[in-house]
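Chains A and B are the protein sequences, given in the same order. For what it's worth, the numbering used here labels the leading residue of the first sequence as 729, then goes sequentially. For what it's worth, the numbering used here labels the leading residue of the second sequence as 303, then goes sequentially.
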Amino acid sequence: MAIVELSFSALPVHVRTARLIVTAVARRSGVDEALLDEVRLAVGEACSRAVEAHRRQCPDEPVRLELEGSGGRFEVTVSDAVPGDDVAGRAGRSAAAAQEVAAAGSPEDLDFALSDGSVDLGLAVISGLADDVDISATPKGVQIRMSWPAPAAR
Amino acid sequence: MESTVLYRAGGSVDLKVNDYTTDDGLTVITVEGEIDVYTAPKLREKLIDLVNKGKFHLLVDMEKVEFLDSTGLGVLVGGLKRVRAHDGSLELVCTQERILKIFRITGLTKVFGIHDSIADAEEKRKGAK
């Protein structure tokens with residue numbers, strides 16, 4: 729059973745609120761203080777991605793979050809209502825692609841890659857920070873599930 | 303000195319952006335607060351404004367940045383592209399591990415010159431001249 733559920737209008741201003749709530753619940757669930765920054769950033773990235781997707785496709789639909797602590801893990805699921813276009817595949821490729829384009833050192837190429845979507849820094853950050861990530865795209869939308877160790881969550 | 307302050311409901315300040323230009327022609331932009339999907343446009347506007355005013359050598363001081371996400375990274379990459387078009391530079395001052403980590407994950411440590419202090423950046427700039 730989810731311990732906290734949250735839905736918010738797809739507005740950038742609310743992403744910070746979501747970060748604050750998730751960080752507070754993560755702390756209460758026993759997530760190590762050293763990991764809280766990673767939780768905050770990864771969840772913020774997932775929420776930003778969802779907000780941007782909603783603003784393009786369905787601005788009136790809220791973004792949903794479920795926070796759950798059980799079995800020694802703190803799990804966050806961010807759900808949007810926009811059917812994904814191989815978002816899971818892009819997440820897997822983005823970290824490597826970002827490193828590859830960045831290694832070439834050309835801001836022009838990197839800026840172009842960001843604008844055409846071949847490099848998604850947000851997905852690259854999520855892949856790099858969450859202890860465990862599962863991204864699924866369904867006809868209803870995209871779900872990004874992330875989890876971290878939380879000894880107090882039983 | 304110019305200042306852009308963004309206020310949110312409740313009156314709290316989440317992003318402050320100030321800038322000044324040294325005698326040496328280096329424009330230092332000090333950023334304080336959280337750079338995210340909501341506040342990043344303010345930083346983007348500041349960078350565009352400075353380039354439009356002919357300031358092509360920028361140093362973004364991130365020592366007081368409490369939070370940075372990929373939207374902020376995108377703004378910095380966009381800024382770098384703009385100044386490079388004028389043979390300029392955009393470098394950073396950052397020693398905070400939690401911010402540096404984001405640059406490392408995305409490979410952007412290879413794209414930006416990152417310095418320990420403003421003085422360090424100025425010194426290297428003089429050395430390169």
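C-beta atoms are modelled at their ideal positions from N, C-alpha and C, and glycine is treated no differently.
Residue state for Phe840 of chain A is assigned as helix, using DSSP reduced to three classes. Taking all protein chains in view, the Cβ of Ser776 of chain A is crowded by 16 or more other Cβ atoms within 10 Å, so the residue is classified as buried. According to the DSSP secondary-structure assignment, Leu375 of chain B is paired through a beta bridge with no residue. Residue pairing by DSSP puts Tyr322 of chain B in a beta bridge opposite B:Val330. With a threshold of 8 Å between beta carbons, Gly380 of chain B makes contact with chain A. Look at the stretch 393-418 of chain B: the residues with a C-beta under 7 Å from a C-beta of chain A are Arg400, Ile404, Ile407, Thr408, Gly409, Leu410, Lys412 and Val413. In this structure, Val377 of chain B and Arg346 of chain B form a Cβ contact; the two beta carbons are roughly 5 Å apart against a cut-off of 8 Å. Residues are counted here when their Cβ sits less than 8 Å from a Cβ of chain A; for the stretch 331-357 of chain B these are Glu336, Asp338, Val339 and Tyr340, given in chain order. Looking at A:Glu773, A:Val741 and A:Val750, the one whose alpha-carbon comes closest to that of Leu734 of chain A is A:Val750. The beta carbon of Leu410 of chain B sits closer than 7 Å to those of Leu375, all from its chain and outside the five residues before and after it, given in chain order. In the DSSP assignment, Lys366 of chain B falls within the beta strand (DSSP E) that extends over His359 to Leu370. Between the alpha carbons of Asp325 of chain B and Arg427 of chain B lies a gap of roughly 13 Å.
Thr324 of chain B has a beta carbon lying at 8 Å or more from every beta carbon in chain A. Residues of chain A with a Cβ closer than 8 Å to the Cβ of Asp371 of chain B are, in chain order, Leu769, Gly772, Glu773, Ser776, Gly850 and Val853. The straight-line gap separating the alpha-carbon atoms of Met874 of chain A and Val767 of chain A is approximately 9 Å. Beta-bridge partners assigned by DSSP to Ala865 of chain A: A:Val870. Inclusion of Val319 of chain B and Lys348 of chain B in the CB contact set at 8 Å is warranted, their separation being smaller than that value. Taking a C-beta distance under 8 Å as the contact criterion, Lys355 of chain B and Leu317 of chain B do not qualify as a contact pair.
Its chain contains Phe736 as the residues whose beta carbon lies nearer than 6 Å to that of His742 of chain A, once the 5 sequence neighbours on both sides are disregarded; these appear in chain order.
Of the other Cβ atoms in all chains shown, 16 or more fall within 10 Å of the Cβ of Tyr340 of chain B; this residue is therefore buried. Listed by position along chain A, the residues whose Cβ is nearer than 7 Å to that of Gly390 of chain B form an empty set, because the closest Cβ is around 11 Å away. DSSP, reduced to helix, strand and coil, places His388 of chain B outside both helices and strands of the structure shown, so it counts as coil. For Glu836 of chain A, the C-beta contacts it makes with chain B under 8 Å involve Lys383 and Arg386, in order along the chain.
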